[in-house]
Structure formats: structure tokens, C-alpha cells
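One structure is given below, encoded as C-alpha cells.
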Amino acid sequence: MRDLTNRQYYLAFRPDSLPGPEHVPCRDVPVQLPGEGEALLRNIYISLDPAIRGWMSDAHNYIAPIPIGAPVRSTVIGRVIQSNCRSLEEGDVVMAVGGWEQYTTGPAAAMTKLDEHAGIPLSSFLGALGPTGLTALFGLMEVGKPRPGETVLVSAAAGAVGSVVGQIAKMQGCRVVGIAGSEEKCRWIKEDLGFDEAINYKACGDLEAAIRQACPGGVDVYFDNVGGEILDAALLCLNKYARVAVCGWISTYNENGAPGPRNLWQLVAESVTMQGFVVIDYMDRFAEGVDKLAQWLLAGKLQYREEIVDGLDNILPAFLKLFDGSNQGKLIIRIPE
Ligand code: NDP
1070 MRDLTNRQYY LAFRPDSLPG PEHVPCRDVP VQLPGEGEAL LRNIYISLDP AIRGWMSDAH
1130 NYIAPIPIGA PVRSTVIGRV IQSNCRSLEE GDVVMAVGGW EQYTTGPAAA MTKLDEHAGI
1190 PLSSFLGALG PTGLTALFGL MEVGKPRPGE TVLVSAAAGA VGSVVGQIAK MQGCRVVGIA
1250 GSEEKCRWIK EDLGFDEAIN YKACGDLEAA IRQACPGGVD VYFDNVGGEI LDAALLCLNK
1310 YARVAVCGWI STYNENGAPG PRNLWQLVAE SVTMQGFVVI DYMDRFAEGV DKLAQWLLAG
1370 KLQYREEIVD GLDNILPAFL KLFDGSNQGK LIIRIPE
């Protein structure tokens, strides 16, 4: 182990807009051997999430910014290759907070052991059965609180979170309308996932009019993944006592000083509740959530798409796909074992 080299992509300085190779350069360093109570992982999958862009900035957030000089932070799935603790053995596969790197060393207490023989692809523990699936489940059910017969509108609807939100809302007996950025994405959510309507926000012209047309009875729950102009249009279409679940504002992550929403007065006009949340608010219920998502998955009630990009050296161009919309579902880097 002592001779192993760890390739890392680290944060050299903080980007003002989209990160480039100058912000996230590469280096080869000796692998850090595990201390007492720690394990060393060879990473197999690295999750690429829009939130990582937020952690690159030093603005106040729900977790600390990535320190300058540290590997870019990501959730990883890796195989234990050296263990200095009782709970993990060599060969175990775990999920952990790691980085854009080949090897991650960390406390075993913060690693979750996964069953690689459960008949479920390991990568799905980063998506539909992992953080993004749980975000959809708890954000919709606990914050959006949909009731049968209500209309649920979701943005970034063909993405990792949005596509699961829409399917769970359908299971609750809701009318579901998705907003997405291409005809292909709109076709997928309608024809394969069973959304009632889909709006291509890049081609529809007047978005408010398009939402009104797709939601003739108004919107009762808006699950917001993007913020910006789409949020502003959605605010104008809310029903009395509607709920807005603020999951993410990806349209602002690369824009320093992006303007805030203009139509917040609608919260007063329609007695609306708008609530932000992070999935880790529900950490003590993750096991229950994974069970529920797995049951739906195995029963064929929940579908998902993953885009798996091979090779650590492709990590930055792959990450940028989240911001031009060219990712097809949950975006993951694979480092072949
Ligand atoms: P997605 O798989 O949805 O990928 C991101 C998508 O966002 C893109 O494919 C694109 O879809 C859309 N997008 C990008 N830029 C813009 C823009 N300027 N305007 C409108 N849409 C845009 O990613 P995730 O499902 O992982 O994340 C979705 C949201 O959920 C993000 O805001 C993320 O930060 C948030 N999130 C929040 C969590 C929480 O705990 N609160 C946990 C996980 C995610 P399109 O082609 O449709 O434009």
C-alpha cells in the first residue's frame, strides 16, 4: 500500500462561474494509510452532484466549503483495501464521503457497508436508492405534502431527483407536470415515467402560459430544483395554500449575484408555504426511505436513468454536463477496478 499513488482532482482556487481545469487541477500523491478506526478505499464510483459546485464557493451553506488544496468532495462507493477497524474487512464495499480521487481514507464510522450481492446495481446506491432518491422521497412527502387529486409541478423533471419526485407523486394519485430542457427529456418523462404533461422550458416561449395550460386547475405543490425564472413563473400559477419545496437552485450556482425571485409576493396572495430542506435533515429515516424506494424499484414502479462516465480524468467535463443539461439522469464517474 505504501507505494500506491493516489490521483486527485483538488480545489486550487474558488470559481466565480463555471469551474475550469485551472480551478480543479490534478496531482498524484502517496496514498494516505488508514489510522486507528479508519479504512482505505479503492474508489469504484464517484457521485457527481450539483451541490458540489456550492461547496466550491465559500458562501454559507449546510456544510463547510471544500478547503483550498483539498480534493473536491463527493460521495463515493469504494472497496476496502485496508482496514484498521473492527467493523470493516478487506473486500467490503462501502459508501462514504470521499473526493475526486482514486483512493479515499477515512473513519470507518462514517462509512456505510453495501450489499453488492443484493441483485441491485451498486451505482443505484448513489442515485435512486441513495441520496437523490431519498431527496425526492422526503422532500416531496414531508415538505410538499401532496394529497390525491392535487397537481404537482416539478422542475429539472428528467434529472436524478426530479424524475423520482414525479413518479412518487403519481403513486400518491396526483396530476404530475414536469419541466425539462429538451424534447427527448419531455418524451421520456411522459411516455416512460407516466407524467401527465411535460413542458420544454427552452422551447415553450411564455413559460407561465405553458404552466397554466398544463395545469388548468393550478399548482398545489411546486418541487423546485432550479430557482431563477422557472421559479418565478411557477409562483404565478400557485393555488391557495400551495406548498413550494425548495430542493435546489441550480440555475444560480454558477452566477455570482444572480437576481432573487421577483414574485415572492404570491406567498402572501395565496397563503403559500415555501420551505427549503436538505436530505440530511432526514438522516435518521434513511433506512426506512431506502426500503421504500427498493420495494418500488423491485416492483417495477420506479424507473431511473444513470449516465455513467468511465475514467477519473473525465471528471470535470462530466461534472459540467449538470449545468448544460446534457446529463441523462444520475451522473456518476466509474473507475474500473
Ligand atoms: P439533475 O440530474 O437534475 O441534473 C441537473 C439538471 O438541472 C440538468 O440536467 C438540467 O436539466 C437542469 N439545469 C441545469 N442548469 C439549469 C438552468 N440554468 N435552468 C434550469 N435547469 C437547469 O441533478 P440532481 O437531480 O442531482 O439535482 C437537481 C437539484 O436538486 C439541484 O438543484 C440540486 O442542487 C438539488 N439537490 C438538493 C438536495 C437537497 O438535499 N436539498 C440533494 C440533491 C440534489 P434540463 O435539461 O431540464 O435543463
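Our numbering puts the first residue of the sequence shown at 1070, with every later residue one more than the last. Heads up, the beta-carbon is just placed ideally off N, CA and C, and yes, glycines get one too.
Nearest in C-alpha terms to V1348, of all of A1108, Q1151, L1209, is L1209. Three or more beta-carbon pairs drawn from the stretch 1157-1172 and the stretch 1181-1192 are found closer than 8 Å, and the two stretches are therefore classed as touching. If you look at D1293, you'll find it in the beta strand (DSSP E) that goes 1288-1293. Note on geometry: alpha-carbon atoms of H1186 and L1117 lie some 24 Å from one another. In the three-state reduction of the DSSP assignment, E1107 falls in the strand class, which pools E and B.
When secondary structure is reduced to three states using DSSP, L1222 falls in the strand class. Apart from the 5 residues on each side of it in sequence, T1204 sits with its Cβ closer than 7 Å to the Cβ of V1230, C1316, V1348 in its chain, given in chain order. Just measuring C-alpha positions, the residue of W1334, E1266, G1218 sitting nearest D1289 is G1218. P1200 and V1145 have their C-alpha atoms roughly 11 Å apart. No residue range can be given for C1273, since it is assigned to no beta strand (DSSP E) and is classified by DSSP as neither H nor E. By the criterion of a C-beta distance shorter than 6 Å, E1253 is surrounded by no residue of its chain, once the five residues flanking it on both sides are discounted.
Of all alpha-carbon atoms in V1245, S1395, I1115, V1100, the one lying nearest the alpha-carbon of A1267 is that of V1245. Taking all protein chains in view, the Cβ of Y1172 is crowded by 16 or more other Cβ atoms within 10 Å, so the residue is classified as buried. Annotated as distal: G1247 and I1237, with beta-carbon spacing of 7 Å or more. Of the residues F1194, L1198, G1242, R1111, the one whose Cα lies closest to the Cα of R1216 is G1242. With a beta-carbon spacing of about 14 Å, V1098 and M1070 fall beyond the 8 Å limit used to define contacts. If you look at D1379, you'll find it in the beta strand (DSSP E) that goes 1375-1379. At the C-beta level, S1251 and V1295 stay beyond 7 Å of one another.
Within the same chain, Cβ atoms closer than 8 Å to the Cβ of E1406 are found at R1111, I1113, R1148, the five residues on either side in sequence being excluded.
In the three-state DSSP reduction, P1176 falls in the strand class (E or B). Set against 6 Å, the gap from the CB of L1222 to the closest heavy atom of the ligand NDP is not smaller.
According to the DSSP assignment, K1182 belongs to no alpha helix (DSSP H) but to the beta strand (DSSP E) extending over 1181-1183. Secondary structure of S1116 (DSSP, three-state): strand.
Distances from the CB of I1319 to the heavy atoms of the ligand NDP include at least one below 6 Å.
Between the stretch 1376-1383 and the stretch 1301-1311 there are fewer than three inter-stretch CB-CB distances shorter than 8 Å, so the stretches are not counted as touching.
Nearest Cα to I1402 within the set A1081, G1394, A1303, P1386: P1386. N1332 and A1356 have their alpha carbons spaced roughly 38 Å apart. Taking C-beta atoms under 8 Å as the contact rule, Q1335 and L1300 fail to qualify, at a distance of about 11 Å. Pairing M1125 with P1090 gives a Cβ-Cβ distance that is not under 7 Å. The closest heavy atom of the ligand NDP lies 6 Å or more from the beta carbon of F1355.
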